[in-house]
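Undergrad: Numbering (mature numbering (1 follows the signal peptide of the UniProt record, and there is no 0)), first residue to last: -19 to -1, 1 to 993.
C-beta atoms are modelled at their ideal positions from N, C-alpha and C, and glycine is treated no differently.
Got a structure for you, written out below as structure tokens; questions coming shortly.
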């Protein structure tokens, strides 16, 4: 080796030794820093430790040192809750797959999360641990921690898997048993829960927790006495929430032991449970039921009701039981309307069939007693018998059913129920119900329909009294249909029936017979029966007054003027109804008896005393005629002129003008006569006065030798045929004969033939009137209409009043208010008969109401009420128009007064409406119980009028809620919504009220489902 080579070798060795020295120093430094970092880590100074581990890792060349630093850097990140902690641990495992700290890393991270109660994170890392690589002690800790983490996350299946592995562990066994027992408790495996809890019950740490659970377990296992003992022992040491739960356990245990008095204070002490979304503690329907039933068993019905009626919308066996006992509680307090709803609800559930049947029975009986707003009492009773045909109460319910057909007054529905039922009792009921239904229709002026019902009643002649009554009212229907011969036969038959003497109808039989004879123009018989009536009947002033008037008319028509005067004087003395008619008739009778001067004085007096009488134009006309008869022509002409001026629309004006023309003609004042006759033919064409004017004018023109002038004038009159007069008369008279002989169909055919041949004939007016009357009698009102129109559109005549009445009535029945209105206005103005004025005004008020002219409607109603000649039906209509108009215009004070008046006189649907508003105003005034009584009366007496029954129920629901009875309120509203779908406005109101109540009740009752 050369010297140079030796030097080079020494240099190389020297350099190598330098490098090794440097590496040894770095390694030593890293180990020192690593130990420092480890010390910081163990002292929980994780951030400093993490930084130092990071520095060591940067300079360390050894893989094991790098691996350990990476492990601790990740571990510090976990403990510092750094966002990338999981990635760092995952990175450590990936980068150093052979590291001995791999499994430890998973355990450490999982244990860290466990210790910090982050059990979901802990489970994630425990799932990565290799269980087989753990030592026995570590394995027990792993199983417990993993099991408890799953338990905390309510993953009971997983929890049970791990905790079962350590249930015999000395360190973890007691805890594992407690949690296994708790999971069994939560899963309703009470025997297993009890088994595990018993194994740890001697340990102090669990005593506090186990006392509640063991009490509850024993309750759920049916060990009620033990449950009570354990719960009571724990009460004094418990907080408010646990006291509530323990009280519930004690209360329910006493309840199940039927120790209801002991149960009540503990059931009341329960505060309820909090919902997931609601922090407020609430009871549920079962809680209310138990306390209510405990009160019920103590006969404390008030408190029982206050709990039962908080059970809203229940539909299970508990609810059925609660509603049944709620019904019984109401019965014990004599609250039958409330009981009806409770029993009805229980009867509609089939969880307990015995309770259902008992509830049905009570529901049916109470329906009979107080009425039923949902369906007729007969229907309820019939449905009960259909559902329980073998009931031991069959005979009792059948008896109630028969009677209910009458007492319910829902005759229309009752008839449907009775049809086809063939027992004797049902036929007796059918006779009565058909009679009463006929009477309803009669009172509503549906005479044909009423007659049909009376016939049906007479087909079942079971009770002589009702046979007699049906006979009477069938005759009355015939009378109103102008079938006077049939009416007479019917009344005579009624008189002959033995049972008639015990009926209310017999009281006025002479009056009714007298009227029929009067209509048949058999005045001798009419006089006989009117006299019999007036000699015995003194209390009924209105009917007595009318009898005197008709008696006077009978004597008048038969020319017995002295007797007529006496009868009219009797009517005047009564002073019951306006005395203008008898005064006028008395004056006319005086004239016919030959006392012309006295007649004149009485007519003059009449005109002074009765300035607003509808007969004043009649009186002026008669006075004028009397002056003519007394040859006091100037006075006659003055009175005629006054009549023509003051009563331009009167039918007496053309007669008055004709009289004036004839006076001029008889006085040879031909030009003045022609002027009057031409005025009549111009202003009152086609009237009998116009026809007579033409005839008399013709004589004048002939006398004056001016036939051409006559011919030219007559050609301007389209209603006068210059030729064919004999044919015209003959054709008309042939038709009139058929009319007078009551050959209706032939008369119609021949009058139509006459009008087709002579549309402007001499007798066109009379023909149109007679054919209209015939069509009307046959109920062919559409056919009658054009003929009545012809009459009312011509100048005023003797038929105008009747035609206005009939034509307006036709439009009213068709609800054609606008067409009816002008006719009624004319009738009010032009009518001579007071009853037609009343008819016009009563229908003007109705038509204006329908046309929403409420002020005018009220004005006419008040006019109607001011008349002394109206019956209760018209009074009722007037008051109801005032009331409805007041409601429409928001004047409830006026409406209340009006409806009070309606109640006094109304029948049928109008009475139902008035009674509803009676309840309505009481509700508004806060008189809820009084309001409910009115609704109950509405349900019992007027159940056939479903609209007001439904509205009354909504009102009743509001009343009950105001009286703190939520069950009644919600049940009634739900029933309305279900049973009265045909009334949109009522259902809409019920839904709104139900939504409001349920929202309020849901605040305290977790069982209440709020409405959408």
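Looking only at its own chain, which residues have a Cβ that is under 7 angstroms from the Cβ of residue 47, when we skip the five neighbours before and after it?
TA: Residue mapping note: residue 47 aligns to position 66 of the chain shown, counting from 1. Answer for residue 47: 38, 41, listed in chain order.
Undergrad: From residue 230 to residue 274, what distance separates their C-alpha atoms?
TA: Taking the first residue of the chain shown as 1, we reach residue 230 at position 249. Taking the first residue of the chain shown as 1, we reach residue 274 at position 293. Spanning the two alpha carbons is a distance of roughly 17 angstroms.
Undergrad: Under 6 angstroms Cβ to Cβ from residue 3, same chain only, skipping five residues before and after it: list those, please.
TA: Taking the chain shown and counting its residues from 1, the one referred to as residue 3 is at position 22. Bear in mind that a pLDDT of 44 at residue 3, under 50, signals an unreliable position, so the number given afterwards is only what the model happens to contain. Excluding sequence neighbours, residue 3 sits near nothing in its chain.
Undergrad: As a quick exercise: from 682, 741, 719, 676, pick the residue whose alpha carbon is nearest that of residue 699.
TA: By 1-based counting over the chain shown, the position of residue 699 is 718. Out of 682, 741, 719, 676, 741 has the C-alpha closest to the C-alpha of residue 699.
Undergrad: For the 8 angstroms Cβ check, are there 3 or more pairs between the segment 748 to 755 and the segment 765 to 777?
TA: yes
Undergrad: For a test of the three-state rule: what should DSSP assign to residue 42, helix, strand or coil?
TA: In the chain shown, residue 42 corresponds to position 61, counting from 1. Three-state DSSP puts residue 42 in coil, outside helix and strand.
Undergrad: When DSSP labels each residue in this structure, what does residue 795 get in the three-state scheme?
TA: Taking the chain shown and counting its residues from 1, the one referred to as residue 795 is at position 814. Residue 795 falls in the coil class under three-state DSSP.
Undergrad: Any idea which residues DSSP pairs residue 264 with across the strands?
TA: Here the question's residue 264 lines up with position 283 in the chain shown. According to DSSP, residue 264 bridges with 986.
Undergrad: Between residue 352 and residue 924, which are expected to be in contact by the criterion C-beta below 8 angstroms, what is the C-beta distance as a whole number of angstroms?
TA: Translated into positions along the chain shown, residue 352 becomes position 371. Translated into positions along the chain shown, residue 924 becomes position 943. Their Cβ separation, rounded to whole angstroms, is 6 angstroms, which keeps residue 352 and residue 924 in contact under 8 angstroms.
Undergrad: Secondary structure at residue 142, three-state DSSP: helix, strand or coil?
TA: As a working note, residue 142 is residue 161 in the chain shown. Here residue 142 sits in helix by DSSP.
Undergrad: Rounded to whole angstroms, what's the CA-CA distance from residue 771 to residue 480? Just pull it up for me.
TA: As a first step, residue 771 is located in the chain shown; it is residue number 790 there, counting from the start. As a first step, residue 480 is located in the chain shown; it is residue number 499 there, counting from the start. Distance between the alpha carbons of residue 771 and residue 480: 50 angstroms.
Undergrad: Could you pull out every residue in the same chain whose Cβ sits closer than 7 angstroms to the Cβ of residue 422, ignoring the five residues on either side in sequence?
TA: In the chain shown, residue 422 corresponds to position 441, counting from 1. The residues are 430, 431, 434.
Undergrad: Taking C-alpha atoms, which residue in 122, 103, 812, 147 lies nearest to residue 130?
TA: Counted from its first residue, the chain shown places residue 130 at position 149. Nearest of 122, 103, 812, 147 to residue 130, Cα basis: 103.
Undergrad: For residue 758, which residues from the same chain have a beta carbon less than 8 angstroms from its beta carbon, with the 5 sequence-adjacent residues on both sides left out?
TA: Here residue 758 is taken as the residue at index 777 of the chain shown, counted from 1. Hits under 8 angstroms: 462, 463, 725.
Undergrad: In whole angstroms, give me the CA-to-CA distance for residue 592 and residue 627.
TA: For the purposes of this step, residue 592 is identified with residue 611 of the chain shown, where counting begins at 1. For the purposes of this step, residue 627 is identified with residue 646 of the chain shown, where counting begins at 1. Computed Cα separation, rounded: 11 angstroms.
Undergrad: Below 7 angstroms, is the gap between the Cβ of residue 728 and the nearest heavy atom of the ligand NAP?
TA: Of the ligands one can find in the structure shown there are none, so the ligand NAP has no counterpart to examine.
Undergrad: Nearest to residue 564 by alpha carbon, out of 494, 793, 588?
TA: As a working note, residue 564 is residue 583 in the chain shown. Ranking 494, 793, 588 by Cα distance to residue 564 puts 588 first.
Undergrad: Is residue 532 near residue 508, with beta carbons less than 8 angstroms apart?
TA: Against the chain shown, residue 532 aligns to sequence position 551. Against the chain shown, residue 508 aligns to sequence position 527. Yes, these two residues count as a Cβ contact at 8 angstroms.
Undergrad: How is the alpha helix (DSSP H) around residue 237 delimited, first residue to last?
TA: For the purposes of this step, residue 237 is taken as residue 256 along the chain shown, with counting starting at 1. Segment 221 to 237, the alpha helix (DSSP H) holding residue 237.
Undergrad: Is the segment 796 to 805 touching the segment 813 to 833 in the sense that three or more CB pairs, one from each, lie closer than 8 angstroms?
TA: yes
Undergrad: Residue 905 by DSSP, collapsed to three states: which one?
TA: If you number the chain shown from 1, residue 905 lands on position 924. In the structure shown, residue 905 sits in a helix (DSSP, three-state: H, G or I).
Undergrad: Beta-carbon within less than 8 angstroms of residue 366's beta-carbon, same chain only, minus the 5 sequence neighbours each way: which residues are those?
TA: Sequence index remark: in the chain shown, residue 366 carries index 385 (1-based). Same-chain partners within the cutoff: 372, 375, 378, 379, 382.
Undergrad: Could you have a look at residue -4 and say whether DSSP puts it in helix, strand or coil?
TA: Within the chain shown, residue -4 is the residue found at index 16, counting from 1. With a pLDDT of only 40 at residue -4, under the threshold of 50, the placement of this residue in the model should not be trusted, and no figure is reported.
Undergrad: Take every Cβ of the segment 781 to 790, pair it with every Cβ of the segment 486 to 506, and state whether three or more of those distances are shorter than 8 angstroms.
TA: No, because fewer than three Cβ pairs between the segment 781 to 790 and the segment 486 to 506 fall closer than 8 angstroms, the two stretches do not touch.
Undergrad: Please name the residue in 478, 485, 812, 469 whose C-alpha comes closest to that of residue 510.
TA: One-based indexing of the chain shown puts residue 510 at position 529. Minimum Cα distance to residue 510 is reached at 469.
Undergrad: Quick one: residues in its chain with C-beta nearer than 6 angstroms to the C-beta of residue -17, no 5 flanking neighbours on either side, listed in chain order?
TA: In the chain shown, residue -17 corresponds to position 3, counting from 1. The predicted position of residue -17 is uncertain, since its pLDDT is 42 and thus under 50; no value can be drawn from it.
Undergrad: Ignoring anything shorter than 4 residues, give me the alpha helix (DSSP H) runs that lie fully in the segment 736 to 823, in order along the chain.
TA: 745 to 758, 762 to 774, 781 to 794, 798 to 811
Undergrad: Give the DSSP-derived three-state secondary structure of residue 730 in the structure shown.
TA: Your numbering for residue 730 matches position 749 in the chain shown. Residue 730: helix per DSSP, three-state reduction.
Undergrad: Here's a check: name, in chain order, each residue in its chain whose Cβ is nearer than 7 angstroms to the Cβ of residue 603, leaving out the five neighbours to either side.
TA: Here residue 603 is taken as the residue at index 622 of the chain shown, counted from 1. Cβ within range, chain order: 569, 584.
Undergrad: Label residue 676 either buried or exposed according to how many other C-beta atoms from any shown protein chain fall within 10 Å of its C-beta, with 16 as the threshold for buried.
TA: Along the chain shown, read from residue 1 onward, the residue named residue 676 stands at position 695. Per the 10 Å Cβ criterion, exposed.
Undergrad: Find out if the Cβ-Cβ distance for the pair residue 596, residue 651 is shorter than 8 angstroms.
TA: Stepping through the chain shown from its first residue, residue 596 is reached at position 615. Stepping through the chain shown from its first residue, residue 651 is reached at position 670. No, the Cβ-Cβ distance between residue 596 and residue 651 is not below 8 angstroms.
Undergrad: What is the DSSP secondary structure of residue 368, reduced to helix, strand or coil?
TA: One-based indexing of the chain shown puts residue 368 at position 387. Of the three classes helix, strand and coil, the one that applies to residue 368 here is helix, per DSSP.
Undergrad: Distance check for residue 308 and residue 278, CA to CA, integer angstroms please.
TA: For this step, residue 278 is matched to residue 297 along the chain shown. For this step, residue 308 is matched to residue 327 along the chain shown. Approximately 14 angstroms between the Cα atoms of the pair.
Undergrad: What does a CB cutoff of less than 7 angstroms around residue 1021 pick up in its chain, not counting 5 residues either side in sequence?
TA: Because the chain is modelled from -19 through 993, residue 1021 falls outside the range shown and cannot be assessed.
Undergrad: Under three-state DSSP, which class holds residue 979?
TA: As a first step, residue 979 is located in the chain shown; it is residue number 998 there, counting from the start. Residue state, collapsed to three classes: helix.
Undergrad: Looking at the strands, I want to know which residues DSSP matches up with residue 393.
TA: The residue labelled residue 393 in the question sits at position 412 within the chain shown. Its beta-bridge partners do not exist; DSSP assigns none.
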